[in-house]
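These notes are about the structure you will find just below.
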């Protein structure tokens, strides 16, 4: 009978096993670090893509100047932009009717700097003399008199008279407008006394373009005086 083979088991070196575990731990740590770095890099690139201004097409009013593509943050305010903002603001401040005066003046106040808005609100809420049939005290807030007047103002801005110049980031504009006061309801009244010519001066501060300041401008000064007849 043949003798049985003797099986000799090899016991691993404990130091070699320890070193292998250390090497695996290092590889796992490096893999985790590389994954974390890749994740952070991807998040940073995604954040930059979201915050990067969208390209927009700018068309000049000069017919000889071609269109150009720029970043949204690079679009500056031009003279024509200041003039259009001047026109829209004039319509809100002086082209209202008693039916929408509160909405129009509120919208106009949101396009003002904080100091000028405070001054404007104070003026609208200030008491002015009124007939006794309007208020027994003989006084009423200016805005209330606009509502009770039951009138509508037809404002026509003389576009050719409007000029705007920029100085140190502030646009200074001026122009004239004709305002005709008519009844809120009923037939128009042809009366020279109901016609006014306004000389308007304004200053606009350039601000960042946002959802509420699409024009990139805010009113920091506004004055409309009635032109005296010579």
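Residue numbers (the working numbering): 1034 to 1263. Ideal Cβ positions, reconstructed from N, Cα and C, are used throughout, including at glycine. Quantities reported herein were computed from a predicted structural model and do not represent experimental measurements.
So what does DSSP say about residue 1233, is it helix, strand or coil?
-> DSSP places residue 1233 in strand when its eight states are reduced to three.
Return the chain-ordered ranges of every beta strand (DSSP E) run that is complete within the stretch 1177-1212 and spans a minimum of 3 residues.
-> Those beta strand (DSSP E) runs which fall completely within the stretch 1177-1212 and span 3+ residues are 1184-1190, 1196-1200.
Do residue 1190 and residue 1120 have their C-beta atoms within less than 7 angstroms of each other?
-> Yes, Cβ-Cβ distance for residue 1190 and residue 1120 is below 7 angstroms.
Spatial distance of residue 994 from residue 1130 (CA atoms) | In the structure as shown, the chain begins at 1034 and stops at 1263. Residue 994 is therefore absent and cannot be evaluated.
With a floor of 3 residues, list each beta strand (DSSP E) that falls wholly inside the stretch 1133-1173, ordered by position along the chain.
-> You should have 1160-1162.
Contact check, residue 1248 vs residue 1149, beta carbons under 7 angstroms | No, the Cβ-Cβ distance between residue 1248 and residue 1149 is not below 7 angstroms.
Tell me, please, which residues DSSP counts as bridged to residue 1129.
-> Answer by DSSP bridge pairing: none, since residue 1129 is not bridged.
Would you kindly work out how many angstroms separate the C-alpha atoms of residue 1111 and residue 1095, rounded to a whole number?
-> Near 12 angstroms, if we compare the C-alpha coordinates of residue 1095 and residue 1111.
Taking contact to mean at least 3 C-beta pairs separated by less than 8 angstroms, is the stretch 1182-1201 in contact with the stretch 1209-1224?
-> Note that the stretch 1182-1201 touches the stretch 1209-1224; at least 3 beta-carbon pairs, one per stretch, sit closer than 8 angstroms.
Determine the direct distance from the alpha carbon of residue 1113 to that of residue 1093, and round the result to whole angstroms.
-> Across the structure, residue 1093 and residue 1113 are spaced so that their CA atoms are roughly 10 angstroms apart.
Three-state secondary structure (DSSP) at residue 1253?
-> The answer is strand: DSSP assigns residue 1253 an E or B state.
Of the listed residues 1122, 1076, 1145, nearest to residue 1240 (C-alpha basis) | Among 1122, 1076, 1145, the Cα nearest to that of residue 1240 is on 1145.
Member of 1242, 1224, 1210, 1250 whose CA lies at the smallest distance from the CA of residue 1258 | Checking every option, the nearest Cα to that of residue 1258 belongs to 1210.
Other residues of its chain near residue 1232: CB distance less than 6 angstroms, five sequence neighbours each side excluded | Taking C-beta separations shorter than 6 angstroms and ignoring five residues to either side along the sequence, the partners of residue 1232 in its chain run 1209, 1258, 1260, following chain order.
Burial state of residue 1143 (16 or more Cβ within 10 Å) = Taking every protein chain shown into account, the CB of residue 1143 has fewer than 16 other CB atoms within 10 angstroms, so this residue is exposed.
How would you call residue 1226, buried or exposed, if buried means at least 16 neighbouring beta carbons within 10 angstroms?
-> Of the other Cβ atoms in all chains shown, fewer than 16 fall within 10 Å of the Cβ of residue 1226; this residue is therefore exposed.
Rounded to whole angstroms, how far is the Cβ of residue 1115 from the Cβ of residue 1204, which I believe are closer than 8 angstroms?
-> Rounded, the Cβ-Cβ distance is 4 angstroms, consistent with contact.
If you drop the 5 nearest sequence neighbours on each side, which residues of the same chain put their C-beta closer than 8 angstroms to that of residue 1158?
-> Excluding sequence positions up to five before and after residue 1158, its CB lies within less than 8 angstroms of the CB of 1174, 1175, 1176, all in the same chain and listed in chain order.
Per-residue burial, residue 1109 [other beta carbons within 10 Å of its own, 16 or more giving buried] = Burial state of residue 1109 is exposed, judged by a 10 Å Cβ sphere holding fewer than 16 other Cβ atoms.
When the Cα atoms are used, what is the spatial distance from residue 1179 to residue 1195?
-> Whole-angstrom Cα-Cα distance: 27 angstroms.
Whole-angstrom distance between residue 1212 and residue 1126, CA atom to CA atom = Spanning the two alpha carbons is a distance of roughly 12 angstroms.
Considering only residues of the same chain and omitting the five flanking positions on each side of residue 1222, which have a CB-CB separation below 7 angstroms?
-> Exclusion of the five residues before and after residue 1222 leaves 1215, 1216 as the residues of its chain whose Cβ lies within less than 7 angstroms of its Cβ.
In whole angstroms, what is the alpha-carbon distance linking residue 1061 and residue 1071?
-> Rounded to whole angstroms, residue 1061 to residue 1071 spans 15 angstroms at the Cα level.
Separation of residue 1242 from residue 1166, as counted between CA atoms = C-alpha separation (whole angstroms): 47 angstroms.
How about residue 978 and residue 1206: are their beta carbons less than 7 angstroms apart?
-> It is not possible to answer for residue 978, since the shown part of the chain is limited to 1034 through 1263.
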